[in-house]
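Numbering of the sequence shown is given in the working numbering, commencing with residue 13 and proceeding in unit increments. Where is the CB? At the ideal position from N, CA and C, for every residue including glycine.
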Amino acid sequence: ALANGTSLVDPIVWVKLCEKWGSDAFKKISAQNRENRKKQAINHTSGRKSFVRLLEQKRNENGNLVDFYKETRWSKKKNAFVTDATENTYKEMQCRLDGLGPEQRSDEAAATVFREVLGHRPGYIGFNGGVPITEEVYVQNISQQYNDDIAVLLFPFVVKGA
Numbered sequence: 013a014l015a016n017g018t019s020l021v022d023p024i025v026w027v028k029l030c031e032k033w034g035s036d037a038f039k040k041i042s043a044q045n046r047e048n049r050k051k052q053a054i055n056h057t058s059g060r061k062s063f064v065r066l067l068e069q070k071r072n073e074n075g076n077l078v079d080f081y082k083e084t085r086w087s088k089k090k091n092a093f094v095t096d097a098t099e100n101t102y103k104e105m106q107c108r109l110d111g112l113g114p115e116q117r118s119d120e121a122a123a124t125v126f127r128e129v130l131g132h133r134p135g136y137i138g139f140n141g142g143v144p145i146t147e148e149v150y151v152q153n154i155s156q157q158y159n160d161d162i163a164v165l166l167f168p169f170v171v172k173g174a
């Protein structure tokens, strides 16, 4: 990896990143993350793009959170849900929506069903947490995290706050 850098990253930063990625501590965290991903019963197909960003992009399209759930967990290659658990969860949501009268069906009702089936963690800000994250806040957080990471890589000897 060290020899095959990229033009997108400064060579000095690339060396530091490779050192970090090659460290035992980083490899331990990666192994733990790999094991945690294997334990997930409900996977999604949206890749690295956050659900908040996907919801923002799809805001103008007709649909609700139950439709969004299906869209982010449907494999176009297999033409099926990614796991049996995701399919069962979706069917539970649809069953609850089907139990509502036509006049009761709304985006708000779908959001309520979505939260009832998946659960809700108070104080958790997420795409189903009831508190939207604006793109501006998202970009600020990512930018700050990136700047902090680069600063640590380039100046590991500098103590923050000193």
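In DSSP terms, what residue i is bridged to
| i | result |
| --- | --- |
| Trp-86 | Phe-93 |
Neighbourhood of residue i by C-beta distance below 6 Å, restricted to the same chain and skipping five residues each side
| i | result |
| --- | --- |
| Leu-77 | Ala-122, Ala-123 and Phe-126 |
| Met-105 | Val-78, Val-125 and Val-129 |
First through last residue of the alpha helix (DSSP H) which encompasses residue i
| i | result |
| --- | --- |
| Leu-130 | 119–130 |
Residues of its chain near residue i, where Cβ-Cβ distance is below 7 Å and the 5 sequence neighbours each way are ignored
| i | result |
| --- | --- |
| Gly-17 | Pro-23 and Trp-26 |
Coarse secondary structure for residue i, derived from DSSP in three states
| i | result |
| --- | --- |
| Thr-101 | helix |
| Leu-109 | helix |
| Gln-69 | helix |
| Glu-47 | helix |
| Leu-77 | helix |
Cut-off 8 Å between Cβ atoms - residues of its own chain near residue i, not counting five sequence neighbours on either side
| i | result |
| --- | --- |
| Tyr-102 | Val-78, Tyr-81, Lys-82, Arg-85 and Phe-93 |
| Leu-109 | Val-78, Arg-117, Ala-121, Ala-122 and Val-125 |
- Item | alpha helix (DSSP H) segments (min. 4 residues) lying fully within the stretch 20–44 | 23–34
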